[in-house]
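Taking it in order: structure first as structure tokens, then the write-up.
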Amino acid sequence: MDVFSFGVVLLELITGREAIDEGGNLLWTSALRTFDHVGNEQEKGRRLREWLDSSIMRETNSLESLVSVLNIALACLHRDPTKRPSMVDIVYALCKSEDTGFDTSDDGIGSPLLLAR
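The C-terminal position of the sequence shown is numbered 215 in this note's numbering, with every residue numbered one higher than the one before it.
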């Protein structure tokens with residue numbers, strides 16, 4: 099499994115942005131510039147709000163969980179491939195992330211919304 103690409107997909111999911119925009123800007127490069135070396139989780143959350151897909155913000159009130167998903171994505175994008183997490187570690191971290199799940203209610207089946215809370 100390509101861990102780097104999985105990190106890009108996670109970023110696409112939470113931001114609603116494409117991996118490469120019309121101007122040729124790379125989503126992962128922008129994310130690393132924006133979030134790399136931000137040690138304070140509150141500051142990371144503030145910056146993430148500006149990046150989030152608005153539909154996710156309407157569906158969840160847990161910015162903390164979204165920051166967890168962001169941290170997983172950033173770990174997948176580490177410049178040194180040997181320092182990227184394994185897929186086993188990623189699955190474990192996503193499962194551990196607070197309230198991660200799908201809407202499995204009768205009207206939620208087939209819903210396009212994946213709640214990454």
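Every residue gets a Cβ at the ideal spot worked out from N, C-alpha and C, and that includes glycine. Just so we're clear, the structure is a prediction, and the values are computed from it rather than from any experiment.
Rounded to a whole number of angstroms, what is the C-alpha to C-alpha distance between Leu168 and Ile112?
8 Å
Are the stretch 171-186 and the stretch 126-135 touching by the rule of at least three beta carbon pairs closer than 8 Å?
yes
Would you say the stretch 177-191 touches the stretch 153-160, given that touching needs at least three Cβ pairs under 8 Å?
no
So for Leu111, helix, strand or coil by DSSP?
helix
Among the residues of its own chain, which have a CB less than 7 Å from the CB of Arg131, if the five just before and after it don't count?
none
In chain order, what residues of the same chain have a beta carbon less than 6 Å from the beta carbon of Arg215, not counting five sequence neighbours either side?
Since pLDDT at Arg215 reaches only 34, below the 50 mark, its modelled position is unreliable, and the value read off the structure follows with that caveat. Counting only residues of its own chain and dropping the five nearest sequence neighbours on each side, Arg215 has a CB closer than 6 Å to the CB of Thr158, Ser160, Ser163 and Asp197.
Within this structure, are the beta carbons of Lys142 and Val106 separated by less than 7 Å?
no
Below 8 Å on the Cβ atoms is my guess for Arg182 versus Val101; work out the distance and round it to an integer in Å.
5 Å
Do you know how far the Cα of His135 is from the Cα of Asp187?
22 Å
What does DSSP give as the partner residue(s) for Leu124 in the beta ladder?
Paired residues: Ile118.
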